[in-house]
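Participant: To start, I am sharing the structure in question, which I have written as structure tokens.
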Amino acid sequence: MPGEDGRNGVNETEPPGRHPTRILIVDAYGHSREGLSASLRGAGWSVETAAGSGEAIQKAKGDRFGLAIIDLDLPPAHGVAASGWDLARIFRALHPVAAVILVTAEWRADLEGEVERHGWLRLVEKPINPTALRVLVRALESERARRDPRT
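First residue of the sequence shown? That's 133 in this note's numbering, and the numbers climb one at a time after it.
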């Protein structure tokens, strides 16, 4: 979301507080994982992190999540290459009403087309603006609540 921040149109209108959505962040780079996690935890969300697809799948199987933030460029783990796309599909199969934010450092027009075909996917370019991310997560949380009133 290049250029979006609190100074030019993206505002956080909701004060920090408790949010029902549990979030899984998957990124091979610790600084990215921890930065996103700290930003979302600071706004009241419950966050789990995973460094790769194997760890993410185990966490997704063992807990309930309403959102995953997944880096598209995950490196192979234990000789198995599972892209962020693969993991997004697995996560969605385990959590059918959840949303997924795919994160990429290499924005390409074809990515937008692929994301548009899936209503449950969003695409964000690195570096990620923390304020804009929180606004997006709140919007996805609202969409999810409209689709599934049990949340």
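C-beta atoms are modelled at their ideal positions from N, C-alpha and C, and glycine is treated no differently.
(1) Using 8 Å as the threshold, is the C-beta distance between residue 202 and residue 229 below it?
(2) Within its chain, find whatever has a CB closer than 6 Å to the CB of residue 149; leave out the 5 residues flanking it on each side and keep chain order.
(3) To which residues does DSSP link residue 203 through a beta bridge?
(4) Using only the alpha-carbon positions, how far apart do residue 278 and residue 208 sit?
(5) Quick one: residues in its chain with C-beta nearer than 6 Å to the C-beta of residue 262, no 5 flanking neighbours on either side, listed in chain order?
(6) Do residue 154 and residue 197 have their beta-carbon atoms positioned less than 8 Å apart in this structure?
(7) If you reduce the DSSP assignment to three classes, tell me which class residue 153 lands in.
(8) Please determine, among 189, 194, 242, the residue with the shortest C-alpha to C-alpha distance to residue 221.
(9) Report the option in 273, 275, 271, 265 whose CA atom is closest to the CA atom of residue 168.
Facilitator: Let me spell this out:
(1) no
(2) Unreliable positioning characterises residue 149 in this predicted model, as indicated by a pLDDT of 48, which lies under 50. The coordinate reading is nonetheless provided below. Contacts found: 176.
(3) In the DSSP output, where bridge partners are listed per residue, residue 203 has 235.
(4) 36 Å
(5) Within the same chain, and ignoring the five residues on either side of residue 262 in sequence, the residues whose Cβ sits closer than 6 Å to its Cβ are 171.
(6) The answer is yes: Cβ separation under 8 Å.
(7) coil
(8) 189
(9) When only C-alpha atoms are compared, the closest one is 265.
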